[in-house]
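Below is one structure, written out as structure tokens, with a few remarks after it.
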DNA sequence: AAATAATTTAGACATTCGCTTAATTATCTA
DNA sequence: TAGATAATTAAGCGAATGTCTAAATTATTT
């Protein structure tokens, strides 16, 4: 739990998550997006992985990262615990006839 | 944005938010819940207020705190941006006939 | 007007965080 | 197998964070 909130506390890590919405990418491609040293990005990826917000898969020389649903669900559940108090805007539904 | 994620990063502050789900409370009552000095709690309340996750209202000698919807909605919106990728469990709907 | 109560502000200290450069591990290719 | 490429691990440093005690502020009561 702590690890997840810690992970999303940093703006760079949030940007990494947003970037991965477009699909899986390897560490190098991710690092290219930022004006920051590769070791720093590597460290951020590690924290996101520990938080189970991303998953790593080694593909030969490369390591591919992608979003990990399990971590997001935990945050989502925490967030839902406040819905007693608030009603958040619901997703629009469409009924086809 | 940063202030909100920072605010929910701390476990004490998350507990304060959970505590306030049961309704508004003054600073003293909130502090009673924790084995921590009042000034520390006061500081946590300040960060939550800056993040617009809680609102403070002075009532005579007391200061009453309650959850602030506006801050939660911002976080909710951020979270929704990942729904392209994931489907989170949807609230159940019932269609009456 | 003085005493009491609720809360915040100020100052100090140890810990954690995010960043960098340098060194290391693993894989691919000529 | 040597050299290049991808990525991580290690070591170190300044800044930010969370906590405390003590002092200050604001409001109520007597």
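Residue numbers (this note's numbering), protein chains in the order written: chain A, 1 to 97; chain B, 1 to 97.
Each residue gets a CB set at the ideal place from its N, CA and C atoms; glycine is no exception.
In three-state terms, what does DSSP make of residue i?
{"i": "residue 18 of chain A", "result": "helix"}
{"i": "residue 41 of chain A", "result": "helix"}
{"i": "residue 64 of chain A", "result": "strand"}
{"i": "residue 25 of chain A", "result": "strand"}
{"i": "residue 49 of chain B", "result": "helix"}
{"i": "residue 35 of chain A", "result": "coil"}
{"i": "residue 30 of chain A", "result": "helix"}
{"i": "residue 89 of chain A", "result": "coil"}
With a threshold of 6 Å on Cβ separation, who are the neighbours of residue i within its own chain once the five nearest residues in sequence on each side are excluded?
{"i": "residue 56 of chain B", "result": "49, 63, 65"}
{"i": "residue 12 of chain A", "result": "44"}
{"i": "residue 46 of chain B", "result": "none"}
{"i": "residue 24 of chain B", "result": "64, 66"}
{"i": "residue 21 of chain A", "result": "none"}
With a CB to CB cut of under 7 Å and the five nearest residues on each side skipped, what residues in its chain are close to residue i?
{"i": "residue 33 of chain A", "result": "19"}
{"i": "residue 31 of chain A", "result": "38, 41"}
{"i": "residue 71 of chain B", "result": "4, 51, 52, 53"}
Could you pull the start and end residues of the beta strand (DSSP E) that residue i belongs to?
{"i": "residue 57 of chain A", "result": "54-59"}
What does a CB cutoff of less than 8 Å around residue i pick up in its chain, not counting 5 residues either side in sequence?
{"i": "residue 17 of chain B", "result": "8, 48, 53, 54, 67"}
{"i": "residue 26 of chain B", "result": "59, 62, 63, 64, 65"}
{"i": "residue 74 of chain A", "result": "1, 4, 52"}
{"i": "residue 14 of chain B", "result": "8"}
{"i": "residue 80 of chain A", "result": "none"}
{"i": "residue 78 of chain B", "result": "1"}
Could you pull the start and end residues of the alpha helix (DSSP H) that residue i belongs to?
{"i": "residue 79 of chain B", "result": "69-80"}
{"i": "residue 4 of chain B", "result": "2-7"}
The segment 55-71 of chain B: which residues have C-beta closer than 8 Å to a C-beta of chain A, in chain order?
Along the segment 55-71 of chain B, going in chain order, the ones with a CB nearer than 8 Å to a CB of chain A are 67, 69.
Name, going along the chain, the residues of the segment 24-35 of chain B whose beta-carbon falls closer than 9 Å to a beta-carbon of chain A.
The segment 24-35 of chain B vs chain A, Cβ under 9 Å: nothing.
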